[in-house]
Each structure stands twice: as structure tokens, then as C-alpha cells.
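Quick note, my numbering runs 77 ahead of the 1-based positions in the sequence shown.
Beta carbons: idealized from backbone N, C-alpha and C, even for Gly.
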Amino acid sequence: MSDRYCVFGHPIAHSRSPRIHALFAEQCGQAMTYEAIEAPREDFAGAWHAFMAAGGCGANVTVPFKEEAYRVADVLSQRARRAGAVNTLVHGRDGRTYADTTDGVGLVRDLEWHGVALYDARILVLGAGGAVRGVLDPLLAAGPRALHIANRTAEKAVGLAADVHAQERGQQASVTGGGYDALEGAYDVVINGTSASLAGDLPPLPDTLLADTGVAYDMMYAADQTVFLQWAGARGARTIDGLGMLIEQAAEAFFLWRQVRPDTGPVRDTLRHEL
Ligand code: ATR
């Protein structure tokens, strides 16, 4: 019998994760199924426990359940504890729920895939929501010269940076709150982690934000470029969307479940064609 996996979200109908994991399973010869489940907003824990009781082996968790999944976990990885949110659950042989976050690894691996150097780079992250929370620690671990977080709502950026500071790393993240138009300086890598871009309302950004050889990365992806990437491309920046990050975070989750590493290259090609 096949092992059962799923992704929980709300909404979840448009998730690409079932397709990605089906491709991984086929490539690696793994007998498993992976479905999309729309959990009720008010009872994520119930949905996960019901899935385990029905033989579920593991799950991915997406918006809006990443923090609830953190609370449901019996055992958290170190990087999950640092992020305060998780995207991968494992139903352990002992019946307990093990949780990890693979979003940050996914982002860093995708940047590496594209040959973007993070060591000694000046990195700007736009946004301070749940999506950004999961990626800060791996970005800092890559050894940037500076990591700056900017957000519309000042308190959220300050809170997030404080959590990062608490992580006993030698480096620190600096912060700008209250909007993006006061940002100064040029960055080597600008990462959009706000949800604004998909809604089509990019807040005003200074023209000087990207260095001459700058890279603009959007954690979102769209069949057409996101508004943020359109903005950056029009200013001569190299642009990369978040499809590769989605595939890399999935590959890391797949590894946690199956102890097999899929080759993400062919899956990237397939998904890009299907967009
Ligand atoms: P997610 O889990 O996707 O990160 P979230 O936690 O609600 O969702 O965070 C959304 C992020 O997008 C926040 O940084 C939010 O800014 P605020 O903290 O100021 O709300 C940002 N965001 C969403 N819409 C935006 C807009 N129109 N302009 C600027 N920032 C926006």
C-alpha cells in the first residue's frame, strides 16, 4: 500500500505541491500518494490528527496554518524553533508529530541554483510576515555583509529583527519600518517577501534600491512576472521568481519523509512549462 502525504492550506485548490511531489515520487520510485486538503481555519490540529489516524505519514503546511502547525508539534527541529513556524510535519513511528521548516533552505538553494552569491552580499528583505520569518535564519547563515528588513508596519519589522537577534548569532539584522520609500542605499539582492506583489499593489520603492549588478527575487511566482519583478526588470536588474524556492522546499520535505533526495532540475523544467 502507498504511504499517504498531503498539503494542508486554506485555500489550497491551486497548490502546485501535489504535482511537484508526484513528479518526485515517480522519479525516485517511491510508493506514495500526496493530496491537497483544505483544513478548516479554526481546527488545523483536528485535521492533522484525523489525517494521522487515517494512516497519514506526513504533511506540508501552507498559509494560514504554519504557526498552528508549530503548536501542534511534539518535537521541533532547531531551525523550526528559530523560525516559530513550520511547513513540514512527520508522523513519527512513535506516534509523535515531528516538525521542521524547509522554506529557508528552499530559498537559499534556489539562489545558489541561480548562482547568486549571498556571502558578503548586501541583502534587503521586503516584508515581515510569516513568509519572511521562515527564511531569515538561513539567509544570515549564508554570511551576508548586511541583512536589512523593511516593512510597512514598523512594529512587525522590529519584532521580527528582535527575534533574529535573540538567536545568538554574531550577526544582526537592521530594520526600517513605516514603508519603503525612505530606504537608502543600493543592495546586491532584494527579496520581496510581502504578499503585496501578487495582489498587484507594489508599494513605492526608491529607484536606487538595486545595485548595478543587483538581483531581484520574489518569493511569489506568477505566470506573468509579479509586479515587483516587473518593477525591478524595468530598472535593469536580474529577476528571479519563487517557483524554484517552492520546488526546493518541497525537495527538502521529501527528503525528510523518504530519506531520498530528488533531482530538482527536471521538475523545475516541467513546472516552468506548466505555469
Ligand atoms: P505571509 O504569511 O504571506 O507573510 P502575512 O504574515 O500576513 O502573510 O504578511 C504579509 C506581509 O506583506 C507583511 O509584511 C505585510 O506588511 P504589514 O506587516 O505592514 O501588513 C506585507 N504587505 C501585504 N500587503 C501589502 C501592501 N499592499 N503594501 C505593503 N506591504 C504589504
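Backbone CA spacing between residue i and residue j [nearest angstrom]
{"i": "Phe331", "j": "Ala176", "result": "13 Å"}
{"i": "Leu100", "j": "Val344", "result": "7 Å"}
{"i": "Val235", "j": "Gly106", "result": "46 Å"}
{"i": "Leu320", "j": "Phe121", "result": "26 Å"}
{"i": "Phe305", "j": "Ala223", "result": "22 Å"}
{"i": "Pro88", "j": "Leu153", "result": "25 Å"}
{"i": "Val163", "j": "Gly211", "result": "8 Å"}
{"i": "Ala311", "j": "Leu279", "result": "14 Å"}
{"i": "Leu195", "j": "Ala130", "result": "43 Å"}
For residue i, the three-state DSSP class (helix, strand or coil)
{"i": "Thr341", "result": "helix"}
{"i": "Thr165", "result": "strand"}
{"i": "Leu216", "result": "helix"}
{"i": "Thr347", "result": "helix"}
{"i": "Val193", "result": "coil"}
{"i": "Ala124", "result": "helix"}
{"i": "Gly207", "result": "helix"}
{"i": "Leu306", "result": "helix"}
{"i": "Leu287", "result": "strand"}
{"i": "Leu352", "result": "coil"}
{"i": "Ala311", "result": "helix"}
Boundaries of the beta strand (DSSP E) in which residue i is found, first to last residue
{"i": "Val202", "result": "199–203"}
{"i": "Asp318", "result": "Unbroken run through Asp318: none, as it is neither H nor E."}
{"i": "Ile114", "result": "109–115"}
{"i": "Ala176", "result": "174–177"}
beta-carbon residue i near ligand 1 non-hydrogen atom, thresh 6 Å
{"i": "Ser274", "result": "no"}
{"i": "Asn269", "result": "no"}
{"i": "Arg229", "result": "yes"}
{"i": "Ala205", "result": "yes"}
{"i": "Pro34", "result": "A question about residue 34 goes unanswered here, because the residues of the chain that appear run from 78 up to 352."}
{"i": "Pro280", "result": "yes"}
{"i": "Ala219", "result": "no"}
{"i": "Ala208", "result": "yes"}
Residue span of the alpha helix (DSSP H) that contains residue i, given as start and end
{"i": "Arg81", "result": "Careful: Arg81 lies outside any alpha helix (DSSP H), inside the beta strand (DSSP E) at 80–86."}
{"i": "Asp187", "result": "180–190"}
{"i": "Gly135", "result": "Looking at the DSSP string, Gly135 is not in any alpha helix (DSSP H); the run it does join, the beta strand (DSSP E), is 133–138."}
{"i": "Tyr147", "result": "143–149"}
{"i": "Ala157", "result": "155–160"}
Cβ-heavy atom distance, residue i to ligand 2, below 6 Å
{"i": "Ala146", "result": "Ligands present in the displayed structure are limited to ligand 1, and ligand 2 is not among them."}
Runs of beta strand (DSSP E) lying entirely within the segment 219–259, each at least 3 residues, in chain order: Those beta strand (DSSP E) runs which fall completely within the segment 219–259 and span 3+ residues are 223–228, 250–254.
Inside the segment 256–282 only - alpha helix (DSSP H) runs reaching at least 4 residues: 273–276
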